[in-house]
Every structure is written in C-alpha cells, then in structure tokens.
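Trainee: Residue numbers (the numbering used here): 5 to 417.
Note that beta-carbon positions come from the ideal geometry of N, C-alpha and C, so glycine has one too.
Encoded as structure tokens, here's the structure I'll be asking about.
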Amino acid sequence: MDALLGFAVLDVVAFAIAADVGGTRADPWVAYPIALVLGLLVLGRRRFPVGVLVATALVICAYYTLDLPAIGLALPVSVALYSAAVAGRLGWAVGVAAALVVASTYFRLAEGDDVRYVVGYELATTVALMAAAIALGQGSFTRRQRDEQRRHADALREQTHELEAADRLAHEREAVARDLHDVVGHHLAVVSLHANVAREALDDVDAAGTAASAALATARAELELVRTATTTALADLRATVRALRGTTAPAGLADQARIDRLEDLVRTARAAGLDVALDVDLPSGTADGTAAGAAAYRVVQEGLTNVLRHAGARGAVVRVALERSPGAPGDVLAVEVRDDGHGSQGTDDTPDRGGFGLRGLRERVAVLGGTVETDTPDGGGFRLRARVPVTPGAAVRGTVSVPGSRSSGGGAP
C-alpha cells in the first residue's frame with residue numbers, strides 16, 4: 005500500500021514537471037530526482053509520520069528555490085498530511101500545512117504574481133486539498149480510536165462477566181457446602197451416635213449372656229433408628245442434587261427448613277439420648293415458610309448437631325421467641341441453643357472441624373440482616389444465639405403449644 009502511494013506521488017509530481025504548467029524554467033531534468041525523493045519519503049510514513057511530513061515540506065521548499073517547473077503545493081504533501089493526521093498528530097499536520105500556505109503565498113506575491121489569482125483561486129484550491137487530506141486522516145484516526153475503545157470495552161465487559169460468573173459459582177458452591185452441612189451433617193451425627201449405642205449393646209451380649217435378648221432388642225431398636233436417619237440423610241442428599249440439577253424435588257430442602265418443624269429436630273435429638281427442652285414463644289404462624297423461619301430452623305439444627313457431636317452434654321435448652329429489636333423497624337426471631345456440656349464444642353471455623361457450620365450459619369443469617377453469637381455462660385456449657393429480623397407478625401402474642409416441649413426451667417440448664 006505504501007509503495008503504491010509513493011509511486012502515485014512520484015507519478016503526479018513527474019507529470020507536473022513534464023507538463024511544465026508554469027513555463028520553461030531551468031534544466032527540468034534536475035526536478036525528477038526530487039520527485040523520486042518525494043515518492044520514497046512516503047515509504048516511511050507509518051513509522052515516522054511527523055518526520056516524513058517535515059522532510060516533505062523541506063524538500064518542497066528546496067525545490068522551489070531552484071526555479072524548477074511548478075508542481076503545486078497540496079498534491080506533493082497531501083499523503084504526508086494524511087499520514088500525520090491518521091497517526092494522531094493533527095497539530096503537526098495543521099501547523100505544517102499552514103506554514104507551507106503562508107510561505108508559498110508570500111513568495112508568490114513577492115515575485116509579482118497576480119494577487120487575485122494567488123489569494124483567490126490558487127489559495128482556495130490549495131487550502132481545500134490540504135484540508136481534505138487532513139480531515140480524511142483525522143476521520144480514520146477517530147474511527148480507529150473508537151474501534152479500539154469498543155474492543156477494550158468489550159474485553160472489559162467480558163472480563164466482568166467472567167468475574168461475575170466466578171463469583172456466582174463461588175456463592176453457589178458455598179451454598180451447596182452450607183446446605184450439605186446443615187441437612188446431611190445433622191442426620192449423620194445422629195447416625196454416628198446410634199451406631200455407637202448399637203455397638204455397645206452388641207458388646208454386652210458377649211459380656212452377659214443372660215441379658216442377651218434385652219441387649220439384642222436394644223441393638224435392633226438403635227439400628228432401626230440408624231436406618232431411619234440414614235434414609236432421611238440420603239433423601240436429603242438426593243433432594244440437594246436434584247436442586248443443583250434444576251429439578252424440583254417433592255418435600256425439598258426449603259420445605260424441610262421450617263420453624264414449625266422444630267419439634268422434629270428436638271425429637272431426633274431426644275432419640276439420640278439428649279435431654280432437650282423446647283420453649284417456643286411465637287404468635288401463631290410467625291415466619292412460617294419464610295427465609296427468617298428457615299434461618300431460625302437452621303440455627304436450632306446447627307446448635308443441636310454441635311451438642312451431639314462435640315459438647316459431651318446430657319441436656320440442652322432450645323428457646324425461640326419473637327422480640328422487639330431496639331432501633332429496628334420490626335421484630336426479630338431470638339433463637340438460643342444452650343447445653344450443659346464442657347463448654348468447648350469445637351465449633352470454631354477450624355479446618356479440623358470442617359469450618360462450614362458456624363461460618364455458613366453466620367452468612368445465612370447475615371444475608372437477612374441478623375447476627376449469630378456464641379459464648380460460654382457463667383453456669384458452664386455452650387450457648388449459640390441468633391437474632392433474625394422478620395416482618396412484624398400477628399398483633400396477639402402467645403405461646404405455641406408444641407407437643408413434648410417443656411419450659412426453660414425443666415431438665416436441662
């Protein structure tokens with residue numbers, strides 16, 4: 005492309021020299037090498053646009069000092085002007101063009117050329133051709149810049165989409181880990197306890213043959229509980245997989261995590277040998293089927309699971325109540341799970357404990373604007389407390405009657 009443009013400049017200048025439109029001057033053959041120089045300069049226009057422009061202007065000025073045939077002003081320099089403009093050097097292009105026009109006009113008038121011709125037709129034609137070359141180059145530069153900006157914007161948008169997708173994937177993985185821990189981990193903890201009881205009962209068969217039948221009955225009962233808990237865990241796991249695959253499972257995970265199903269959690273813990281007192285103080289229907297109710301259910305589930313796993317406790321108290329939060333626009337679900345164990349349940353988010361329990365619980369509750377706290381009360385044991393904001397419920401407060409529940413004063417601390 006550059007070679008063709010260089011040849012075009014050489015051809016135009018050579019044609020002007022041959023036509024000698026200005027009349028016969030000094031030896032015209034000296035002009036052809038200069039025309040060749042002007043054509044060769046075009047070859048460097050991409051790497052050195054300003055240098056080529058300045059050199060072209062100087063060669064033209066030197067050409068006219070030798071009283072050679074007229075070759076015009078705009079045509080020899082138009083390619084150099086375009087190249088400077090398309091390279092983003094608009095100031096250089098305009099400056100050199102203006103300098104050439106002023107110098108040419110001055111010397112033409114000084115030589116006695118007709119003022120009307122020089123300032124009128126000649127000047128207008130030269131300026132128009134130069135302006136067209138500069139405008140064409142500037143337009144190409146602007147389009148190129150716009151295309152480059154569009155490419156950068158597209159790349160940035162694509163990168164943003166990738167980051168958002170990675171962030172969504174990380175949140176989904178965290179949610180999967182949290183749900184697997186909340187749903188399956190609870191049941192498997194119960195399975196472990198019942199399996200231990202069954203094993204000890206079977207060991208008693210060898211130690212005391214007279215009590216073999218009673219021990220076997222106990223073992224069978226415990227193993228039945230193991231089977232039930234395992235079946236439930238597998239069903240929950242299948243529901244989780246179906247949810248991840250985008251299919252709807254009957255009685256799915258969202259339906260199970262309901263605040264009106266706390267008794268099921270307590271019943272499971274009691275079957276595992278833990279003396280649990282359940283105290284629920286809620287208006288009828290409060291938080292049923294809501295995210296706040298599901299979060300409260302998960303708090304109780306996590307608390308009882310940790311008691312069974314780590315606390316070495318004999319009893320626990322579960323309290324759930326609707327309270328007015330100071331400075332908050334609505335009520336909050338106040339949830340507390342307290343045991344009488346040794347006070348160190350290993351519930352910190354440490355690698356050896358898995359790290360998903362309390363961390364996932366805090367994240368789940370924090371999404372709803374709530375808080376989760378753990379401490380060791382003065383009386384010993386371990387306490388898990390959560391406050392989950394809810395939409396204000398019914399105006400009439402009362403205690404929900406839960407079969408098998410007891411007041412906070414009975415049994416466990």
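Give me the Cβ distance between Leu-44 and Leu-85, rounded to the nearest whole Å; I'm assuming they're in contact under 8 angstroms.
Mentor: Incorrect: roughly 17 angstroms between the Cβ atoms, too far for contact.
Trainee: Is it the case that the Cβ atoms of Val-83 and Ala-61 are separated by a distance below 8 angstroms?
Mentor: Against a cut-off of 8 angstroms, the Cβ pair of Ala-61 and Val-83 comes out as no contact.
Trainee: Would you mind giving the Cβ-Cβ distance between Ala-193 and Arg-313, rounded to the nearest angstrom? I have them listed as a contact below 8 angstroms.
Mentor: The pair is a contact, with the Cβ atoms about 5 angstroms apart (cut-off 8 angstroms).
Trainee: Quick check on Ala-416: buried or exposed, where buried means 16 or more other Cβ atoms within 10 Å of its Cβ?
Mentor: In this prediction, Ala-416 has a pLDDT of 35, which is less than 50 and means its spatial position is unreliable; what the coordinates show is noted afterwards. Under this definition Ala-416 is a buried residue.
Trainee: Flag this pair as yes or no: are the beta carbons of Val-311 and Gly-345 separated by less than 8 angstroms?
Mentor: It is a contact, given that the beta carbons lie within the stated cut-off.
Trainee: DSSP state of Leu-282, grouped into three classes?
Mentor: Strand.
Trainee: Does any residue of chain C have a CB that is nearer than 8 angstroms to the CB of Gly-43?
Mentor: Judged by its chain identifiers, the structure shown contains no chain C, having just a single protein chain.
Trainee: Rank Val-201, Val-195, Ala-88 by C-alpha distance to the C-alpha of Gly-143 and give the top, closest one.
Mentor: Closest by alpha carbon: Ala-88.
Trainee: Between the segment 70-80 and the segment 7-24, do at least 3 Cβ pairs fall closer than 8 angstroms?
Mentor: With a cut-off of 8 angstroms, the segment 7-24 and the segment 70-80 count as touching, because enough Cβ pairs lie within range.
Trainee: Within the same chain, show all residues whose beta-carbon is closer than 6 angstroms to that of Gly-316, passing over the 5 residues directly before and after it, in chain order.
Mentor: Correct list, in chain order: Gly-345, His-346.
Trainee: Which of the three DSSP states is assigned to Thr-290 in this structure?
Mentor: Here Thr-290 sits in coil by DSSP.
Trainee: With Val-322 and Val-280 assumed to form a contact (beta carbons below 8 angstroms), what rounded beta-carbon distance in angstroms separates them?
Mentor: Right, the Cβ-Cβ distance comes to about 6 angstroms (below 8 angstroms), so this counts as a contact.
Trainee: For Leu-388, which of helix, strand or coil comes out of DSSP?
Mentor: Three-state DSSP puts Leu-388 in a strand.
Trainee: Roughly how many angstroms separate the alpha carbons of Thr-290 and Ala-223, rounded to a whole number?
Mentor: Rounded to the nearest angstrom, the two C-alpha atoms are 40 angstroms apart.
Trainee: Can you round the beta-carbon distance between Val-394 and Ala-296 to whole angstroms, since I take them to be within the 8 angstroms contact cut?
Mentor: Rounded, the Cβ-Cβ distance is 4 angstroms, consistent with contact.
Trainee: Does Asp-335 pass the burial test, meaning 16 or more other C-beta atoms within 10 Å, or should it be called exposed?
Mentor: Looking at its Cβ environment, which holds 16 or more other Cβ atoms inside 10 Å, Asp-335 is buried.
Trainee: Could you please give the first and the last residue of the uninterrupted beta strand (DSSP E) stretch that includes Glu-126?
Mentor: Looking at the DSSP string, Glu-126 is not in any beta strand (DSSP E), and its letter there is neither H nor E.
Trainee: Spatial neighbours of Ala-91 within its chain, please: C-beta separation below 6 angstroms, excluding the five flanking residues on both sides.
Mentor: Closer than 6 angstroms at Cβ, skipping near neighbours: Pro-53.
Trainee: Inspect the beta-carbon positions of Leu-372 and Gly-277 and report whether they are closer than 8 angstroms.
Mentor: Result no, Cβ atoms of Leu-372 and Gly-277 do not sit closer than 8 angstroms.
Trainee: Hey, would you say Leu-70 sits closer than 8 angstroms to Gly-10, going by beta carbons?
Mentor: Their beta carbons are not under 8 angstroms apart, which means Leu-70 does not touch Gly-10 by this criterion.
Trainee: Rounded to the nearest angstrom, what separates Glu-166 and Val-180 at their Cα positions?
Mentor: So the alpha carbons of these two residues sit roughly 21 angstroms apart.
Trainee: Pick from Asp-283, Arg-262, Arg-112, Asp-118: whose alpha carbon is nearest that of Asp-292?
Mentor: Cα-wise, what sits closest to Asp-292 is Arg-262.
Trainee: Can you tell me whether Leu-173 is helix, strand or coil according to DSSP?
Mentor: Helix, per DSSP.
Trainee: Exposed or buried, what is Arg-150 when buried is set at 16 or more other beta-carbons lying within 10 Å of its beta-carbon?
Mentor: Classification for Arg-150: exposed.
Trainee: Rank Arg-148, Tyr-36, Ala-66, Ala-135 by C-alpha distance to the C-alpha of Ser-108 and give the top, closest one.
Mentor: Comparing Cα positions, the closest option is Ala-66.
Trainee: Is it buried or exposed, Met-134, if we count other Cβ atoms within 10 angstroms and call 16 or more buried?
Mentor: Under this definition Met-134 is a buried residue.
Trainee: Count the other CB atoms, across all protein chains shown, that sit within 10 Å of the CB of Arg-93; report buried if there are 16 or more and exposed otherwise.
Mentor: Its Cβ being crowded by 16 or more others within 10 Å, Arg-93 is buried.
Trainee: So, Ala-325 versus Val-341, is the Cβ gap smaller than 8 angstroms?
Mentor: Contact flag unset, no.
Trainee: In the DSSP assignment, what are the bridge partners of Thr-375?
Mentor: Bridge partners of Thr-375: Arg-391.
Trainee: Which of helix, strand or coil does DSSP assign to Leu-318?
Mentor: Before going on, a small fix: residue 318 reads as Arg here, not Leu. It is coil, neither helix nor strand.
Trainee: Can you list, in chain order, the residues of its chain whose CB lies under 6 angstroms from that of Asp-1, leaving out five sequence neighbours each side?
Mentor: For residue 1 there is no data in the structure shown, the boundaries of the chain being 5 and 417.
Trainee: Within 10 Å of its beta-carbon, does Gln-305 have 16 or more other beta-carbons around it, so buried, or fewer, so exposed?
Mentor: Label assigned to Gln-305: buried.
Trainee: Which whole-angstrom value describes the C-beta separation of Leu-282 and Leu-308, a residue pair presumed to lie in contact below a C-beta threshold of 8 angstroms?
Mentor: With a Cβ gap of about 10 angstroms, Leu-282 and Leu-308 do not count as contacting.
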